[in-house]
Amino acid sequence: MYDETIQRALARLKMQPIELPAQHLAWLVDNFRSNECQSIILTGTAGDGKTYHCRRVWLELGGTIEDWNGGEKIQRLSLGSRQLTVVKDLSELRSDESKPLIEQMAWDVADPNSPRVYLMAANHGQLLEKMKNAGTDKTTSALVEVVENLLVVGRSGNSAIKLDLRDLSRSAAAVMIDQVIDAVTLHPGWDGCADCPALNGATCPIRENRERLVGTTDNGLFRRRLGNLVEASEQNGGHFTIRQVLSLVTNIILGHPDARDGLMACTDVAELAAAGTAERASPYRNVFGGNLKPSRAERTEPFRKLNLFGIGSETSNKVDIMLVYGADDPALVETYRALVQTDQVYGETPAYKRAQQSYLEGDDPSAVARFLLEDDVTDDIGNVNGNSHWWQHFC
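Under this note's numbering, residues 94 to 488 are what the sequence shown spells out, in order.
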């Protein structure tokens, strides 16, 4: 399971984990501590944080991380006179494992005096399939009917069955993304950058991208625009799992097309600076997977969904004229300064100026493609031609 893989990696590397939001944690813990607690099913798609919620509940209620990481698919914890059974992922169970479990669960949720309660994680597609395959007796059928009602209408329709369900795929990613940004950018591991040699008179693109996500230089405008994009995508049916949000935030900070797998490590920074390509780590292109090969970005869910907006895919004469002639045109110079010149990291960089000059002088037939089409179209979030603030101000 993904969550267990991450836990093993953290233990091996002796790293402090990034504590991501668990929106239903308090409600779950309160339920299992209550005298009138009921069994809970957490459902959703892969990456919604079902197993993560289960682990957090396990730890909050007194379970140990050593037991959790022991490799068992089903964990049991004593809660006074009751026993909590935690199913990490129902889809991981073989039929000979899931059938007796579900049959017992059906009896327990129907018995108000049962000492057993359950916390079960299950993907949408597997939940009803496993339930229906468990049996057709009256008790199991009643459980299946309640689960169907909870999935479809949000009510059980049978007050005698002590069961509730939470669909984590209904959690708004537009809310989560702010929490994920804070969890990643404010992690204490960043303190290790204090002695980094890359800070000696140079700009580290990793730290620069982190600062832009934090919002210290633009009063949080970039992250608000990012949240708006995610919200608009969700309104159009593009669900973002917590895992996808984490992947998106990570790519914004570490993305660079020349780095291995498109993601920078600290050891890459000096080499990229020496090559004069550090500016290609622009977070405004990384939002759309511009650091990846197009085919890979298209296969990666958060970038596929965000690229449906077509941001950066078209330009206009007004934008082109400002970018090409704005520095010297009295009518455009203020706009140029505000949108391009003020950003010396990802806006008016030396490479940008060289490409601009080459285009104006016409000494290179390929200069037009390089300056107005090839690199710049994908450089920035919503700006079409290399201006990292265009999208921030007008999108």
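Even for Gly, the Cβ is constructed at its ideal location relative to N, Cα and C.
Please confirm whether Y377 and Y429 have their CB atoms less than 8 Å apart.
no
Which value, in whole angstroms, describes the spacing of the CA atoms of L183 and K166?
9 Å
Measure the CB-CB distance between A266 and V342 and report whether it falls below 8 Å.
no
Starting from A203, trace the beta strand (DSSP E) both ways and give me its first and last residue.
From DSSP, A203 is part of no beta strand (DSSP E) but of the alpha helix (DSSP H) over S188 to A203.
Consult DSSP for T144 and reduce its assignment to one of helix, strand or coil.
helix
Using a 10 Å radius around the Cβ and a threshold of 16 neighbouring Cβ atoms, would you call I414 buried or exposed?
exposed
Taking the alpha carbon of T138 as the point to measure from, which residue in N216, R126 and D201 has its own alpha carbon closest?
N216
Stretch-stretch touch, CB-based, cutoff 8 Å, three pairs: the segment 112-123 with the segment 252-271
yes
Using beta-carbon positions only, say whether G348 and L339 come within less than 8 Å of one another.
no
Exposed or buried, T233, counting other C-beta atoms within 10 Å across all chains shown (16 or more means buried)?
buried
V179 - partner residues in DSSP beta bridges:
Q168 and L212
Leaving out the 5 sequence neighbours to the left and right, which residues in its chain are closer than 8 Å to E152 when beta-carbon positions are compared?
In the sequence under discussion, the amino acid at residue 152 is Leu, which differs from the Glu named in the question. Counting only Cβ-Cβ distances below 8 Å, and skipping sequence neighbours, we find I158 and W161.
Check whether the Cβ atoms of K223 and I195 lie closer than 8 Å to each other.
yes
Cβ-Cβ distance between S249 and A227 below 8 Å:
no
Could you name the residues of the same chain whose beta carbon sits closer than 8 Å to that of A104, not counting the 5 residues immediately before and after it, in chain order?
N162
Look up D275 in the DSSP assignment and say whether it is helix, strand or coil.
helix
Cα-Cα separation, R420 to Y452:
First, the amino acid is wrong: residue 420 is Ala here, not Arg. Using only the alpha carbons, I get a separation of about 14 Å.
Neighbour-count burial assignment, T144, 16 or more Cβ in a 10 Å radius
buried
Minimum C-alpha distance to W176 - residue among R126, V273, R353 and P298
Checking the displayed sequence, the identity of residue 176 turns out to be Gln instead of Trp. Looking at the Cα atoms, R126 is the closest of the given residues.
Closer than 7 Å by C-beta to G247: which residues in its own chain qualify, once you throw out the five before and the five after it? Chain order, please.
none
Please check the pair R316 and I274, which I expect to be a contact at CB under 8 Å, by giving their CB distance rounded to whole angstroms.
6 Å
Applying the 10 Å Cβ sphere with the 16-neighbour rule, what's the burial state of P205?
exposed
Go through its chain and collect everything with a Cβ distance to Y211's Cβ below 6 Å, but skip five positions before and after it.
S132, T178 and M198
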